[in-house]
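Chemist: Once you've had a glance at the structure underneath, I'll fire off some questions.
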Amino acid sequence: MPATRTLRAPAELVAAGLIAAADLAAVEVVAARYAVALTPAVAELIDPADPADPIARQYVPTAAELDTRPEEMSDPIGDAAYSPLNGLVHRYPDRVLLTPLLVCPVYCRFCFRRSRVGDGGATMTEADIDAALAYVLARPKLREVILTGGDPLMLPPARLRRLVARIAAIPHIEVVRVHSRVPLSDPGRVTPDLAAALQSGRGGAAVWLAVHVNHPRELSDKARDALALLADAGVPLLSQTVLLKGVNDSAEVLDVLMRALVRNRVRPYYLHHPDLAPGTAHLRPSIAEGQALMRALRGRLSGIAQPTYVLDIPGGFGKVPVGPDYWDGGVGEVRDPKGRTHTYPG
Ligand code: SF4
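And the structure:
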């Protein structure tokens, strides 16, 4: 029977047929370490009979997460080193991140903030928000505020509206960017009220929404309706995809996903190499594999469907594109998507 509420306890996952009873003890240990949640919208996308189901791999906890490698870190992209205030990360000169809450509708098994998300107590207080906005106001070089988390669309629309309006009213802020999984994982939350909350910056900053989506099956009918509601309301949409072993590490899957995004008025933005989050080695392909996939996409997708393949350098040193590189400036050669080289007078 389909789930009618969010599944959180390992025993509920056994009852839903998503994990075997024999795995319960190990998954209890995983769940004590990292948050677990699958919304009904996500649970119903999973085929429990398929041991390699790409949706299950993203959300259903497994014993593999108990294997923490020496290179993995609880804060892989170094948020803490750039956090002068609670809930604010200032890594780049022109933008800051705010994490108004660390709660999500679902908890992804590869999340780079997995050591922190799921903590309802980490929600920024009104005093934290006031301090963060005063910080932004005092720094005219800032141009963009990114609301992330956690998932900012878990905020009640009235609170989201107030927050967006306050940020957008800061004279030097041009863009408010919101990162979310909600349109796919809990599409019922996307209502005209929520779209209006995102538009409360009108007249001030532009509000963009970056949707995190990793597999074409996540673009269910309800998810596509949610995206259409946002696009019709005038919210520009971007996508973020994490490259994951056994989920989307094939040119065919990425091709279908990127085309579906464009068809649904979402501009593919980033393909993230997975971060060195603890217990996620089983989901990480190599950078060489990611580059080969990007080369394949370059040969088969139009420019508006091409994401940029990026790596967040561990330790907080920033995000950089990691190729593949088509131009060898040293010898004046350029490589085409099929790997053939051509000369060009640099
Ligand atoms: S929705 Fe985002 S922040 Fe939440 S668990 Fe997934 S990746 Fe992490």
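If you use my numbering, the sequence shown closes out at 358, no skipped numbers anywhere.
The beta-carbon is built from N, C-alpha and C at its ideal position, and this holds for glycine as well.
All values reported here derive from a predicted model rather than from experimental measurement.
With the cut-off set at 8 Å, would you say VAL115 and ASP163 are in Cβ contact?
Modeler: By 1-based counting over the sequence shown, the position of residue 115 is 103. By 1-based counting over the sequence shown, the position of residue 163 is 151. The answer is yes: Cβ separation under 8 Å.
Chemist: Take ALA38 and list the residues in its own chain whose beta-carbon comes closer than 6 Å to its own, dropping the five residues that flank it on each side.
Modeler: Taking the first residue of the sequence shown as position 1, residue 38 is located at position 26. Within the same chain, ALA38 has close Cβ partners ALA75.
Chemist: For VAL278, does the three-state DSSP call read helix, strand or coil?
Modeler: By one-based count along the sequence shown, residue 278 stands at place 266. Strand at VAL278.
Chemist: Under 8 Å Cβ to Cβ from GLY29, same chain only, skipping five residues before and after it: list those, please.
Modeler: As a working note, residue 29 is residue 17 in the sequence shown. Once the five neighbours on either side are set aside, the close Cβ partners of GLY29 are PRO60.
Chemist: Can you tell me whether ASP287 is buried or exposed? The criterion is at least 16 other CB atoms within 10 Å of its CB, across all chains shown.
Modeler: Position 275 of the sequence shown holds residue 287. Answer is buried; the Cβ neighbour count reaches 16.
Chemist: Does the pairing of the stretch 129–143 with the stretch 71–89 give three or more beta-carbon distances under 8 Å?
Modeler: With the cut-off at 8 Å, the stretch 129–143 and the stretch 71–89 do not touch.
Chemist: So which of HIS227, ALA170, VAL194 has the shortest CA-CA distance to ALA205?
Modeler: Within the sequence shown, the letter at position 193 stands for residue 205. In the sequence as presented, Ala is not what sits at residue 205; that position holds Asp. The candidate whose alpha carbon is nearest that of ASP205 is ALA170.
Chemist: If we ignore side chains and look at the alpha-carbon of each, how far apart do PRO333 and LEU25 end up?
Modeler: Counting from one through the sequence shown, the residue named residue 333 turns up at place 321. Counting from one through the sequence shown, the residue named residue 25 turns up at place 13. When rounded, the distance between both Cα atoms is 38 Å.
Chemist: If you draw a straight line from the alpha carbon of PRO326 to that of PHE122, how long is it in whole angstroms?
Modeler: The residue given as residue 326 occupies position 314 in the sequence shown. The residue given as residue 122 occupies position 110 in the sequence shown. Computed Cα separation, rounded: 15 Å.
Chemist: Between the stretch 205–224 and the stretch 255–265, are three or more C-beta pairs nearer than 8 Å?
Modeler: At 8 Å Cβ cutoff, the stretches do not touch.
Chemist: How about HIS191 and LEU159: are their beta carbons less than 8 Å apart?
Modeler: Working through the sequence shown from its first residue, we reach residue 191 at position 179. Working through the sequence shown from its first residue, we reach residue 159 at position 147. The answer is yes: Cβ separation under 8 Å.
Chemist: Quick one, are the C-beta atoms of GLY269 and HIS227 less than 8 Å apart?
Modeler: To locate residue 269, count along the sequence shown from 1; it is residue 257. To locate residue 227, count along the sequence shown from 1; it is residue 215. Here residue 269 turns out to be Leu, not Gly, going by the sequence shown. Contact flag set, yes.
Chemist: Go ahead and label PHE124 buried or exposed: buried means 16 or more other beta carbons lie within 10 angstroms of its beta carbon, across all protein chains shown.
Modeler: Residue mapping note: residue 124 aligns to position 112 of the sequence shown, counting from 1. Buried, since its Cβ has 16 or more Cβ neighbours within 10 Å.
Chemist: Compare the C-alpha of TYR71 against each of ILE31, GLY90, SER232 and name the closest.
Modeler: Taking the sequence shown and counting its residues from 1, the one referred to as residue 71 is at position 59. Nearest C-alpha to TYR71: ILE31.
Chemist: Name the one or two DSSP bridge partners that TYR104 has.
Modeler: Here residue 104 refers to the residue found at position 92 of the sequence shown. Answer is ARG107.
Chemist: Measuring only from the beta carbon, is ASP324 closer than 7 Å to any heavy atom that is part of ligand 1?
Modeler: Looking up residue 324 in the sequence shown gives position 312. Not so, every heavy atom of ligand 1 lies at least 7 Å from the Cβ.
Chemist: Ignoring anything shorter than 3 residues or poking outside the stretch 248–313, list the beta strand (DSSP E) runs there in chain order.
Modeler: Taking only runs of at least 3 residues, the beta strand (DSSP E) segments lying wholly in the stretch 248–313 are 249–254, 278–284.
Chemist: Can you tell me whether TYR282 sits near ligand 1, meaning its C-beta is under 7 Å from at least one heavy atom of the ligand?
Modeler: Here residue 282 is taken as the residue at index 270 of the sequence shown, counted from 1. No, Cβ of TYR282 sits at least 7 Å from all heavy atoms of ligand 1.
Chemist: Excluding sequence positions up to five away, which residues of its chain have a Cβ less than 7 Å from the Cβ of ALA207?
Modeler: Residue 207 sits at position 195 when you count from the first residue of the sequence shown. So the list reads LEU241, LEU242, ALA245, VAL247, once near-sequence residues are dropped.
Chemist: State buried or exposed for GLY291, treating a residue as buried only when at least 16 other CB atoms are found within 10 Å of its CB.
Modeler: As a first step, residue 291 must be located in the sequence shown, where it is residue number 279. GLY291 is buried by the Cβ-count criterion.
Chemist: Buried or exposed: THR137, going by 16 or more other Cβ atoms within 10 Å of its Cβ?
Modeler: Locating residue 137 in the sequence shown gives position 125, where the first residue counts as 1. It counts as exposed.
Chemist: Counting only the same chain and skipping the five closest in sequence on each side, list residues whose C-beta sits under 6 Å from that of GLN303.
Modeler: One-based indexing of the sequence shown puts residue 303 at position 291. Excluding sequence neighbours, GLN303 sits near GLY335, PRO336.
Chemist: Closer than 7 Å to a non-hydrogen atom of ligand 1 - does that hold for the CB of GLY90?
Modeler: For the purposes of this step, residue 90 is identified with residue 78 of the sequence shown, where counting begins at 1. Not under cutoff, so the answer is no.
Chemist: Measuring only from the beta carbon, is ASP359 closer than 7 Å to any heavy atom that is part of ligand 1?
Modeler: A query on residue 359 cannot be resolved here, the shown segment of the chain reaching from 13 to 358 and no further.
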